[in-house]
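J.:
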Amino acid sequence: MKKPAWLALLALAAGCQSEPVGGPLSIEVAAPSPISILQHINDTGQKCWIRPGKRPFRQYRMIPELDTITGTPRILLVDRKTIGGRPKLVIEATDGPVTVNTYGPLVRTKLGARINSDIIRWSTGDKSCTGQG
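Residue 4 is where the sequence shown starts when you use our numbering, and the numbers rise one by one after that.
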């Protein structure tokens with residue numbers, strides 16, 4: 004039996020797709036406070052992304068802004084060479100219920116998919132690294 008032409012095109016298109024691209028993330032998490040979840044994400048991100056100098060993160064530095072009296076606690080991923088420049092990634096958490104959000108230029112890249120995957124995993128209390136390049 005001959006397959007419809009649209010089925011062949013669909014199979015061809017699926018084979019041509021590249022790695023998934025990320026996007027802004029917004030997830031509710033079971034955490035006592037926004038600061039506590041961001042502390043965990045920062046500690047694990049430092050361990051998994053920054054300290055080992057992993058290739059996709061080598062050019063960035065994580066800057067936690069957790070002790071804000073006013074405003075939303077957040078973590079910034081900035082270019083290592085221009086720390087005062089615009090953040091490439093913002094990870095923030097809000098209260099009632101605790102929600103973690105990501106946004107910035109990096110979330111719409113292939114690296115954004117990995118970032119969101121890691122943050123989702125770390126938001127459950129997991130401390131493991133993905134082990135990807």
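All C-beta atoms, glycine included, are put in the ideal place defined by N, C-alpha and C.
Please list the terminal residues of the continuous alpha helix (DSSP H) segment that includes T102.
T.: From DSSP, T102 is part of no alpha helix (DSSP H) but of the beta strand (DSSP E) over T102 to Y106.
J.: What number of angstroms, rounded off, separates the C-alpha of R54 from the C-alpha of G99?
T.: Here the alpha carbons of G99 and R54 stand approximately 32 Å from one another.
J.: Let me know if P27 comes out buried or exposed under the rule of 16 or more other beta-carbons within 10 Å of its beta-carbon.
T.: Exposed, by the Cβ-count rule.
J.: With DSSP as the reference, label R64 as helix, strand or coil.
T.: strand
J.: Report the option in A34, P59, D46 and I66 whose CA atom is closest to the CA atom of V93.
T.: I66
J.: So, with DSSP's three-state summary, where would you put I30?
T.: In the three-state scheme derived from DSSP, where H, G and I count as helix and E and B as strand, I30 is classed as strand.
J.: How would you write the range of the beta strand (DSSP E) that D82 sits in, first residue to last?
T.: R77 to D82
J.: Can you tell me where the alpha helix (DSSP H) holding T112 begins and where it ends?
T.: Where T112 is concerned, there is no enclosing alpha helix (DSSP H), given that its DSSP letter is neither H nor E.
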